[in-house]
Each structure stands twice: as C-alpha cells, then as structure tokens.
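For what it's worth, our numbering labels the leading residue of the sequence shown as 172, then goes sequentially.
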Amino acid sequence: MGRLQTDEDARVRNRSLVGESAAMRKVREQIRQVVDAECETILITGETGTGKEVVAREIHFQNGWETRPFIAVSCPAIPETLIESELFGAVKGTYTGAGMDRPGYFELANRGTLFLDEIADLSPSAQAALLRVLETRTLRRVGGTREIAVDVRVVAATNVPMERLIEQRRFRSDLYYRLNLFTINLSPLRERREDILPLATHFLDAYATRRGLDLNGFSD
172 MGRLQTDEDA RVRNRSLVGE SAAMRKVREQ IRQVVDAECE TILITGETGT GKEVVAREIH
232 FQNGWETRPF IAVSCPAIPE TLIESELFGA VKGTYTGAGM DRPGYFELAN RGTLFLDEIA
292 DLSPSAQAAL LRVLETRTLR RVGGTREIAV DVRVVAATNV PMERLIEQRR FRSDLYYRLN
352 LFTINLSPLR ERREDILPLA THFLDAYATR RGLDLNGFSD
C-alpha cells in the first residue's frame, strides 16, 4: 500500500536515472525545473515500468530532503472502502478495529513527499477529498472534525491518458488541473534504445555489488 523510504532506497536512488538519450536529458532538466520552482504538485505520465517512482524519488532527493519522509502509495492496491482512511487517517471507532486515532499517509509524509501511483484508480469520493487537501493544505481524518494542517509535496503518476478519463467522467477535471501544474512524461525504453546498454550495465553492477562479485560488463 504505502511505504517510507529506506537507506536502501537512498542507495539505489544515487544511480537510478540511467541513460543519456535526449529523452532522459529532458527528464533531468525537468526535474531541475521542478526543484527550482518548488512545485507543490507534479504529474508524471508514462507506461508501466518507465520509472515514475524513480523520478519522484529523484525530485525528493534533489530538494535536499534526505531526512524528510518519502511515502509511495499504490492507489490500486488499497480497497476502495479503505482508501480515504489510508490517505487521510481515521479517528477512534470510525470502523471495526479502529481502536485509536490513526494518521494517514498525508500526515506521515508531512514536510516531505507523497507519491500517489496510478492516481486514476482513486474513487470519486477520494478524488474530492484529495482536491480539498490540495486546495486548503488541511485535512480531516475520516470520522473527525478537526482540521489538521499538512505541508506535503504530492507527486501523482498515471499510465493512462487522463484526458480520456475526464471525457468519460471517471476523473475530476478540477483535480487533474490541480495536479497538472507541471507534467513529466516518461518515454518507454523501446523509444530510447541508446539507453539499453547503460541500463543493463547499471543492473549488472547492482547485482554484482549485492552478491560481492567482480563482473566486467558485457562482451560485444
């Protein structure tokens, strides 16, 4: 569902944006622009496997936020009945098993980054609640009335054309435009073939390091 960054995440991050294609150089420049502009919301688009979470982490670390929380949430992995309490928290007694007040991912990510993967899977009610948080920078835990201030950078990701979902009334246009203040589009590897060898070398080096092996790359 959601997870905090770990030391291993940080080590992987140091060599994650691999490749010198024009597309990858553009992504690096866009990351720099996001950091310089201190964007509060970013939308990352691209097919599954293009590295959307990698880019989100790079934005987080280039801000110098190594000691701040980075929480990644897979929206499809959370049941619709639980998504709002997972994101925004819940007060004691709201549902069976809620024996105490519980913060959600927004509170846990305070002063850091919340990465919402596959944002298009959010239910209509969760979309409305998310829009309210982005607009007011406050939230109410499910079942509660107290306003809680949050300072969170939200990086949303999707692998589907959001405009089509808006036309089908499956995603709120106002939320889309609120998230879409800055968009980074990631090209699939088949469109940047010059990055294949650097990526393969990167993964080979990572494997060799974990296994304590001395490997010399690939033969021609």
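For each residue, glycine too, the CB sits at the ideal point set by N, CA and C.
From a predicted model like this one, the values you see are computed outputs, not experimental measurements.
Under the three-state DSSP convention, the category residue i falls into
{"i": "Arg-273", "result": "strand"}
{"i": "Thr-221", "result": "coil"}
{"i": "Phe-286", "result": "strand"}
{"i": "Val-325", "result": "strand"}
{"i": "Leu-386", "result": "coil"}
{"i": "Arg-184", "result": "Here the model assigns Arg-184 a pLDDT of 47, short of 50, so the residue's position is not dependable and the matter cannot be decided."}
{"i": "Thr-372", "result": "helix"}
{"i": "Val-206", "result": "helix"}
{"i": "Val-189", "result": "coil"}
{"i": "Ala-261", "result": "strand"}
{"i": "Thr-380", "result": "helix"}
{"i": "Ala-280", "result": "coil"}
Contact belief for residue i with residue j at Cβ below 8 angstroms, rounded distance in angstroms
{"i": "Thr-307", "j": "Phe-241", "result": "Incorrect: roughly 23 angstroms between the Cβ atoms, too far for contact."}
{"i": "Asp-288", "j": "Glu-224", "result": "7 angstroms"}
{"i": "Gln-298", "j": "Leu-350", "result": "No, Gln-298 and Leu-350 are not in contact; Cβ-Cβ is about 10 angstroms, not under 8 angstroms."}
{"i": "Leu-352", "j": "Thr-212", "result": "5 angstroms"}
{"i": "Val-323", "j": "Phe-286", "result": "The pair is not a contact, with the Cβ atoms about 11 angstroms apart (cut-off 8 angstroms)."}
{"i": "Thr-265", "j": "Val-313", "result": "5 angstroms"}
Contacting residues, own chain, Cβ-Cβ under 8 angstroms from residue i (five flanking each side not counted)
{"i": "Arg-311", "result": "Phe-259, Arg-317, Glu-318, Ile-319"}
{"i": "Val-337", "result": "Per the sequence shown, the amino acid found at residue 337 is Ile instead of Val. Arg-343, Ser-344, Tyr-347."}
{"i": "Pro-369", "result": "Val-189, Gly-190, Glu-191"}
{"i": "Asn-281", "result": "Pro-240, Val-321, Asp-322, Val-323"}
{"i": "Asn-387", "result": "none"}
{"i": "Ala-379", "result": "Asp-385, Leu-386"}
{"i": "Gln-400", "result": "No information on residue 400 is available, as it lies outside the stretch 172 to 391 that the chain covers here."}
{"i": "Val-198", "result": "Leu-188, Val-226, Ile-355, Leu-357"}
Same chain, Cβ closer than 7 angstroms to residue i, five either side skipped, listed in chain order
{"i": "Ala-300", "result": "Glu-255, Phe-259"}
{"i": "Arg-273", "result": "Gly-260, Ala-261"}
{"i": "Leu-305", "result": "Thr-212, Val-325, Arg-349"}
{"i": "Cys-210", "result": "Leu-352, Phe-353"}
{"i": "Leu-279", "result": "Pro-240, Ile-242"}
{"i": "Ser-294", "result": "Glu-251, Ile-254"}
{"i": "Leu-302", "result": "Arg-343, Asp-345, Leu-346, Arg-349"}
{"i": "Gly-315", "result": "Val-262"}
{"i": "Ala-377", "result": "none"}
{"i": "Phe-277", "result": "Leu-258, Phe-259, Leu-285, Val-304, Leu-310, Val-321, Val-323"}
{"i": "Ala-269", "result": "Ala-261, Lys-263"}
Range of the contiguous alpha helix (DSSP H) that encloses residue i
{"i": "Val-304", "result": "295 to 307"}
{"i": "Asp-345", "result": "344 to 350"}
{"i": "Ile-249", "result": "Note, Ile-249: premise wrong, no alpha helix (DSSP H); not H, not E."}
{"i": "Leu-336", "result": "333 to 338"}
Neighbourhood of residue i by C-beta, 6 angstroms cutoff - its chain only, sequence neighbours within 5 removed
{"i": "Ser-358", "result": "Ala-194"}
{"i": "Glu-200", "result": "none"}
{"i": "Ile-230", "result": "Ile-202, Val-205"}
{"i": "Ala-327", "result": "Leu-214, Leu-287, Ile-290, Leu-350"}
{"i": "Glu-365", "result": "Ser-192"}
{"i": "Arg-363", "result": "Ser-192, Ala-194"}
Limits of the beta strand (DSSP E) - the one that residue i falls within
{"i": "Ser-245", "result": "241 to 245"}
{"i": "Leu-357", "result": "354 to 357"}
Cutoff 9 angstroms: residue i Cβ touching any chain C Cβ
{"i": "Val-323", "result": "Looking at the structure shown, chain C is missing, and only one protein chain is on hand."}
- Query: Is there contact between the segment 358 to 367 and the segment 324 to 334, where contact requires at least three CB pairs shorter than 8 angstroms?
  - Reply: Counting Cβ pairs under 8 angstroms, fewer than three are found: no touch.
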